[in-house]
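What the sequence shown shows, in full-length UniProt numbering, is residues 1 to 325, in sequence order.
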Amino acid sequence: MPETSEAHSQASIMTNRSLSSCPYTARLPINLTVQCMHCLGELCTERDPCDPHKGLFCDFGSPANRKIGVCTAKDGAPCVFGGTVYRSGESFQSSCKYQCTCLDGAVGCVPLCSMDVRLPSPDCPFPRRVKLPGKCCEEWVCDEPKDHTMVGPALAAYRLEDTFGPDPTMIRANCLVQTTEWSACSKTCGMGISTRVTNDNAFCRLEKQSRLCMVRPCEVDLEENIKKGKKCIRTPKISKPVKFEFSGCTSVKSYRAKFCGVCTDGRCCTPHRTTTLPVEFKCPDGEVMKRSMMFIKTCACHYNCPGDNDIFESTYYRKMYGDMA
1 MPETSEAHSQ ASIMTNRSLS SCPYTARLPI NLTVQCMHCL GELCTERDPC
51 DPHKGLFCDF GSPANRKIGV CTAKDGAPCV FGGTVYRSGE SFQSSCKYQC
101 TCLDGAVGCV PLCSMDVRLP SPDCPFPRRV KLPGKCCEEW VCDEPKDHTM
151 VGPALAAYRL EDTFGPDPTM IRANCLVQTT EWSACSKTCG MGISTRVTND
201 NAFCRLEKQS RLCMVRPCEV DLEENIKKGK KCIRTPKISK PVKFEFSGCT
251 SVKSYRAKFC GVCTDGRCCT PHRTTTLPVE FKCPDGEVMK RSMMFIKTCA
301 CHYNCPGDND IFESTYYRKM YGDMA
């Protein structure tokens, strides 16, 4: 009898452990082996099988005499999510924030809430996300600045760019495309560089993109164009088309571009709405190269100005949603 008692004790321990870790384990007689069914992607054997309730089988692959396989979903296998069984191809909302789809035993979800990153602008210098009563997704609200004094390094005063590129929230197969705003131009006058980060590529990998930019020409005195009684000239008119120069090369075409002006009361003028277009440059050796370039649509003059030496510090940069520091 002591042996029977010991066997009963061991079986009891195994049953309790298995039932606590496996959702589909049945209570079996003491003299039978308790099997813990494995899930999708887990290792399996003939004695340690996959969960048939989830439409899984143990795929041993090749060679044929392999003893250990991997739990694989049969075509059209259902999914179990949150205690509910879904058919392959069926879509459902796991919560108000996510839309999910079952596909051959695996569940994939995409966010329903906006993943945009809002940069400060003259009409919203201090944006922040808040959870509003009765609403599922967080929304942007604008905090008014405590005063209109110099607030240290200013952030880029851009709104969402009118771009011919992809929608930042566009969903492709196996890739949620995300793209940051363009950073501020690296120079307050003359040709500079603006950058952003995106995963809009064939491998869905984060990469840095750059474009040329010119907020205003350096050789033009814009203050003399300010009208009498006014303190700013927001977007000065350029009398004739201009050609851009970059690394000793000159743009093939002339452009009637817009530039941002200046103020005499302590405000600064920065791009407010922009677009990105390709520009061809011809070099002295005959080489022709194409570069993306920022074109200004509107400018805004505001007190949220940078210091003399920190206009393009990293505070301009905003990480993509989900990007790790």
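No residue lacks a Cβ here, since even glycine has one placed at the ideal position from N, Cα and C.
What runs of the beta strand (DSSP E), each 3 residues or longer, lie entirely inside the UniProt domain "VWFC" (77 to 143)?
79 to 81, 84 to 86, 91 to 95, 98 to 103, 106 to 111, 126 to 130, 139 to 143
Element boundaries [beta strand (DSSP E), containing His302]:
288 to 302
At the level of alpha carbons, what is the spacing between Arg234 and Phe244?
Straight-line Cα distance between these residues: approximately 21 Å.
Which residues DSSP lists as bridging Glu245, in chain order
Per DSSP, Thr250.
Need the endpoints of the beta strand (DSSP E) that Asp59 sits in, please.
56 to 59
Those residues which DSSP pairs with Ala202 across a bridge
BP columns for Ala202 are empty, so no partner.
Rounded C-alpha distance that separates Lys74 from Met191:
58 Å
Where DSSP assigns a beta bridge to Arg273, which residues make up the other side?
Thr298
With 16 as the cutoff for other CB atoms within 10 Å, does Met289 come out buried or exposed?
exposed
For a test of the three-state rule: what should DSSP assign to Pro52, helix, strand or coil?
helix
Less than 6 Å between C-beta atoms, sequence neighbours within five positions excluded: which residues of the same chain meet that for Thr298?
His272, Arg273
Give me the Cβ distance between Ala300 and Thr264, rounded to the nearest whole Å; I'm assuming they're in contact under 8 Å.
About 16 Å; that fails the 8 Å criterion.
Counting pairs of beta carbons, one from the stretch 225 to 234 and one from the stretch 178 to 198, are three or more of them closer than 8 Å?
no
Measuring straight from C-alpha to C-alpha, what distance separates Cys185 and Asp51?
Cys185 and Asp51 have their C-alpha atoms some 56 Å from each other.
In the DSSP assignment, what residue or residues form a beta bridge with Val197?
Lys208
Got a sec, what are the start and stop residues for the beta strand (DSSP E) Thr72 sits in?
69 to 73
On the DSSP bridge list, what partners appear for Asp282?
The amino acid occupying residue 282 in the given sequence is Lys; Asp does not appear at that position. Answer is Thr250, Val288.
Do the CB positions of Cys137 and Lys97 come within less than 8 Å of each other?
yes
Counting pairs of beta carbons, one from the stretch 277 to 284 and one from the stretch 241 to 258, are three or more of them closer than 8 Å?
yes
If the criterion is Cβ atoms closer than 8 Å, does the pair Cys232 and Gly261 meet it?
yes
Quick check on Glu223: buried or exposed, where buried means 16 or more other Cβ atoms within 10 Å of its Cβ?
exposed
Short Cβ contact (8 Å threshold) for Val107 with Phe126:
no
What residues are listed by DSSP as bridge partners for Cys268?
Bridge partners of Cys268: His302.
Own chain residues within Cβ distance below 6 Å of His38, not counting five before or after:
Cys44, Cys50, Cys71
Residues near Lys258 by beta carbon distance below 6 Å, same chain, minus five either side:
Exclusion of the five residues before and after Lys258 leaves Thr235, Ile296 as the residues of its chain whose Cβ lies within less than 6 Å of its Cβ.
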